[in-house]
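*Asks:* Counting from 1, one number per residue, gives the positions in the sequence shown under the working numbering. Backbone N, C-alpha and C define an ideal beta-carbon position, used for all residues, glycine too. Here you go, one structure.
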Amino acid sequence: MSLETVAILSPGDMGHMVGRVLAEHGLRVITCLTGRSQRTRVLAEDAGILDVSTLQTLVSEADIILSILVPAQATSIAEMVSEAIIETQAKVLYVDCNAISPKTTRRISETITNAGGNYLDGSIIGPPPRSKGLTRFYVSGPEVDLFSKLNQFGLDICPLGDKIGKASAIKMCYAALTKGLSALCIELLTASKLLEVSEPLASEFQLSQPSLYERMERTIPGLPSKSRRWVGEMKEISATFAEVGLTPKILDGAADMFQFVGDTRLANLHPEDQNSFSVMKEVIAILSEHLET
1 MSLETVAILS
11 PGDMGHMVGR
21 VLAEHGLRVI
31 TCLTGRSQRT
41 RVLAEDAGIL
51 DVSTLQTLVS
61 EADIILSILV
71 PAQATSIAEM
81 VSEAIIETQA
91 KVLYVDCNAI
101 SPKTTRRISE
111 TITNAGGNYL
121 DGSIIGPPPR
131 SKGLTRFYVS
141 GPEVDLFSKL
151 NQFGLDICPL
161 GDKIGKASAI
171 KMCYAALTKG
181 LSALCIELLT
191 ASKLLEVSEP
201 LASEFQLSQP
211 SLYERMERTI
221 PGLPSKSRRW
231 VGEMKEISAT
241 FAEVGLTPKI
251 LDGAADMFQF
261 VGDTRLANLH
271 PEDQNSFSVM
281 KEVIAILSEH
291 LET
């Protein structure tokens with residue numbers, strides 16, 4: 001099967017950069033912006049992603065659809081796409097790249113395949129692909145060969161076999177560390193501020209945990225801009241762990257922390273607003289003040 005057109009749902013922070021890479025490597029990249037925000041429209045235009053009028057047009061014209069959304073929207077958009085597949089009888093490959101549990105991806109797989117489409121489980125590890133080699137697309141399922149052609153168009157594809165759920169599983173385990181650790185850091189730094197030991201704690205971290213402290217200083221300023229969408233991701237991870245018999249409580253707590261951060265004014269910024277981000281010390285001060293009000 002030839003590969004000419006890839007659809008992105010939706011061209012947000014990650015999605016528009018994925019679309020840009022594919023477009024720069026010669027593919028036609030499309031999306032459907034009906035009902036999307038002005039920010040998403042600007043990002044899509046900036047990335048060279050073409051807007052088509054309806055989902056029916058999108059599924060008819062695309063060879064591959066990449067679902068790159070906040071986890072909470074993964075199921076609803078798959079249901080909308082499945083209806084469009086039924087209406088058009090398109091044989092499109094739908095790749096769910098969202099941070100969802102293996103159970104959720106299997107459920108979405110049934111939705112798409114029952115409609116007549118093809119399905120591939122996917123996950124993205126790494127930042128939006130602004131630089132080559134930093135972002136990997138893990139995939140699993142029976143349609144890996146077609147998706148692997150995207151290696152020729154600027155993406156780094158890592159197949160994990162033909163079992164739906166493996167690509168989502170590796171994302172769940174990986175993000176439990178990276179984002180779970182970020183939630184813990186936010187919590188302990190806020191606690192240290194409220195307990196009036198933030199300065200000596202910072203000094204101790206710089207002495208005994210310099211790499212971790214550097215990571216906190218580097219990543220915490222941008223964390224609030226992503227906190228609201230990470231709530232659903234933490235809940236998907238906690239469900240994944242519960243499904244295999246482990247406690248979900250650690251990641252439920254991480255979800256609570258990101259919800260707390262998301263309720264502050266810091267979360268009103270977007271990832272592209274990095275020049276307006278507060279430094280770590282200011283972020284913690286604002287979080288502490290929010291808790292005390």
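Quick check: what's the CA-CA separation for Glu289 versus Glu282?
*Replies:* Taking the first residue of the sequence shown as 1, we reach residue 289 at position 289. Taking the first residue of the sequence shown as 1, we reach residue 282 at position 282. If I take the Cα positions, the gap works out to 11 Å.
*Asks:* For the beta strand (DSSP E) holding Arg136, just list the boundary residues, first then last.
*Replies:* Your numbering for residue 136 matches position 136 in the sequence shown. 136 to 140 is the span of the beta strand (DSSP E), which, as asked, contains Arg136.
*Asks:* Rounded to whole angstroms, what is the Cα-Cα separation between His16 and Pro200?
*Replies:* Indexing the sequence shown from 1 puts residue 16 at position 16. Indexing the sequence shown from 1 puts residue 200 at position 200. Looking at the two C-alpha atoms, the distance is approximately 42 Å.
*Asks:* Evaluate Gly19 with the Cβ neighbour count: other Cβ atoms within 10 Å of its Cβ, from every protein chain shown; 16 or more gives buried, anything less gives exposed.
*Replies:* By one-based count along the sequence shown, residue 19 stands at place 19. When all chains shown are included, Gly19 counts as buried.
*Asks:* What did DSSP end up calling Arg106 once you bin it into helix, strand or coil?
*Replies:* Position 106 of the sequence shown holds residue 106. Here Arg106 sits in helix by DSSP.
*Asks:* Please state whether the Cβ-Cβ distance between Ile64 and Lys193 is less than 7 Å.
*Replies:* Taking the first residue of the sequence shown as position 1, residue 64 is located at position 64. Taking the first residue of the sequence shown as position 1, residue 193 is located at position 193. It is not a contact, given that the beta carbons lie outside the stated cut-off.
*Asks:* Output needed for Leu22: all residues of its chain with C-beta closer than 6 Å, excluding positions within five of it in sequence on either side, in chain order.
*Replies:* Here the question's residue 22 lines up with position 22 in the sequence shown. Correct list, in chain order: Val6, Val29, Phe153.
*Asks:* To the nearest angstrom, report how far apart Leu50 and Ile8 are at their CA atoms.
*Replies:* Residue numbering aside, residue 50 sits at position 50 when the sequence shown is read from its first letter. Residue numbering aside, residue 8 sits at position 8 when the sequence shown is read from its first letter. Their Cα atoms are separated by approximately 10 Å.
*Asks:* Excluding sequence positions up to five away, which residues of its chain have a Cβ less than 7 Å from the Cβ of Pro127?
*Replies:* Position 127 of the sequence shown, counted from the first residue, corresponds to residue 127. Excluding positions up to five away in sequence, the list reads Leu134, Thr135.
*Asks:* Are the Cβ atoms of Ile157 and Phe137 separated by less than 7 Å?
*Replies:* Indexing the sequence shown from 1 puts residue 157 at position 157. Indexing the sequence shown from 1 puts residue 137 at position 137. In contact: Ile157 and Phe137 (Cβ atoms closer than 7 Å).
*Asks:* Write down every uninterrupted run of the alpha helix (DSSP H) in the segment 210 to 290 whose length is 4 residues or greater and which is fully enclosed by it, in chain order.
*Replies:* 210 to 219, 224 to 243, 249 to 262, all fully within the segment 210 to 290.
*Asks:* Check the Cβ-Cβ distances between Ala285 and every residue of chain C, and say whether any is below 7 Å.
*Replies:* Included in the structure is just one protein chain, with no chain C present.
*Asks:* Looking at the secondary structure, which residues open and close the beta strand (DSSP E) in which Ile68 lies?
*Replies:* What you label residue 68 is simply residue 68 of the sequence shown in a count that begins at 1. Unbroken run through Ile68: none, as it is neither H nor E.
*Asks:* Hey, how far is the Cα of Ser131 from the Cα of Val42?
*Replies:* Taking the sequence shown and counting its residues from 1, the one referred to as residue 131 is at position 131. Taking the sequence shown and counting its residues from 1, the one referred to as residue 42 is at position 42. Answer to the nearest angstrom: the Cα atoms are 21 Å apart.
*Asks:* Can you tell me the Cα-Cα spacing of Gly122 and Ala167, whole angstroms?
*Replies:* Numbered from its first residue, the sequence shown carries residue 122 at position 122. Numbered from its first residue, the sequence shown carries residue 167 at position 167. Spanning the two alpha carbons is a distance of roughly 5 Å.
*Asks:* Looking at the unbroken alpha helix (DSSP H) that takes in Thr31, where does it start and where does it end?
*Replies:* For the purposes of this step, residue 31 is taken as residue 31 along the sequence shown, with counting starting at 1. Where Thr31 is concerned, there is no enclosing alpha helix (DSSP H), although the beta strand (DSSP E) it sits in stretches over 28 to 31.
*Asks:* Closer than 6 Å by C-beta to Leu27: which residues in its own chain qualify, once you throw out the five before and the five after it? Chain order, please.
*Replies:* Your numbering for residue 27 matches position 27 in the sequence shown. Excluding positions up to five away in sequence, the list reads Val6, Phe153.
*Asks:* Relative to the alpha-carbon of Glu292, which residue among Ala191, Thr40, Asn118, Phe258 has its alpha-carbon at the smallest distance?
*Replies:* Residue 292 sits at position 292 when you count from the first residue of the sequence shown. Among Ala191, Thr40, Asn118, Phe258, the Cα nearest to that of Glu292 belongs to Ala191.
*Asks:* By the 10 Å Cβ neighbour count, where 16 or more other Cβ atoms means buried, how is Glu233 classified, buried or exposed?
*Replies:* Counting from 1 along the sequence shown, the entry for residue 233 is found at position 233. So Glu233 ends up on the buried side.
*Asks:* To the nearest angstrom, report how far apart Phe241 and Ile112 are at their CA atoms.
*Replies:* Along the sequence shown, one-based indexing puts residue 241 at 241. Along the sequence shown, one-based indexing puts residue 112 at 112. So the two alpha carbons sit approximately 25 Å from each other.
*Asks:* Pick out whichever of Lys103, Gly117, Phe205 has its Cα sitting closest to the Cα of Glu79.
*Replies:* Here residue 79 refers to the residue found at position 79 of the sequence shown. For the residues Lys103, Gly117, Phe205, the minimum Cα distance to Glu79 belongs to Gly117.
*Asks:* By Cβ distance, which residues of its chain are closer than 7 Å to Arg39, with the 5 residues on each side in sequence left out?
*Replies:* For the purposes of this step, residue 39 is taken as residue 39 along the sequence shown, with counting starting at 1. Around Arg39: His270.
*Asks:* Beta-carbon separation of Leu146 and Ser182 under 7 Å?
*Replies:* If you number the sequence shown from 1, residue 146 lands on position 146. If you number the sequence shown from 1, residue 182 lands on position 182. Not in contact: Leu146 and Ser182 (Cβ atoms no closer than 7 Å).
*Asks:* Three-state secondary structure (DSSP) at Ser82?
*Replies:* Counted from its first residue, the sequence shown places residue 82 at position 82. If DSSP states are grouped into helix, strand and coil, Ser82 belongs with the helices.
*Asks:* From what residue to what residue does the alpha helix (DSSP H) around Pro200 run?
*Replies:* By 1-based counting over the sequence shown, the position of residue 200 is 200. From DSSP, the alpha helix (DSSP H) with Pro200 extends over 198 to 208.
*Asks:* If we ignore side chains and look at the alpha-carbon of each, how far apart do Asp46 and Pro11 end up?
*Replies:* The residue labelled residue 46 in the question sits at position 46 within the sequence shown. The residue labelled residue 11 in the question sits at position 11 within the sequence shown. Cα-Cα distance, rounded: 10 Å.
*Asks:* So what does Cys173 bridge to, in DSSP terms?
*Replies:* For the purposes of this step, residue 173 is identified with residue 173 of the sequence shown, where counting begins at 1. Partner(s): none; Cys173 has no beta bridge.
*Asks:* Tell me, to the nearest whole angstrom, how far the beta carbon of Ala239 is from that of Ser101; I am working on the premise that it is less than 8 Å.
*Replies:* Looking up residue 239 in the sequence shown gives position 239. Looking up residue 101 in the sequence shown gives position 101. Between Ser101 and Ala239 the Cβ distance is about 5 Å, and since that is below 8 Å, they are a contact.
*Asks:* Is DSSP giving Leu22 helix, strand or coil here?
*Replies:* Here residue 22 is taken as the residue at index 22 of the sequence shown, counted from 1. DSSP places Leu22 in helix when its eight states are reduced to three.
*Asks:* Which of helix, strand or coil does DSSP assign to Ser101?
*Replies:* As a working mapping, residue 101 is identified with position 101 in the sequence shown. Here Ser101 sits in coil by DSSP.
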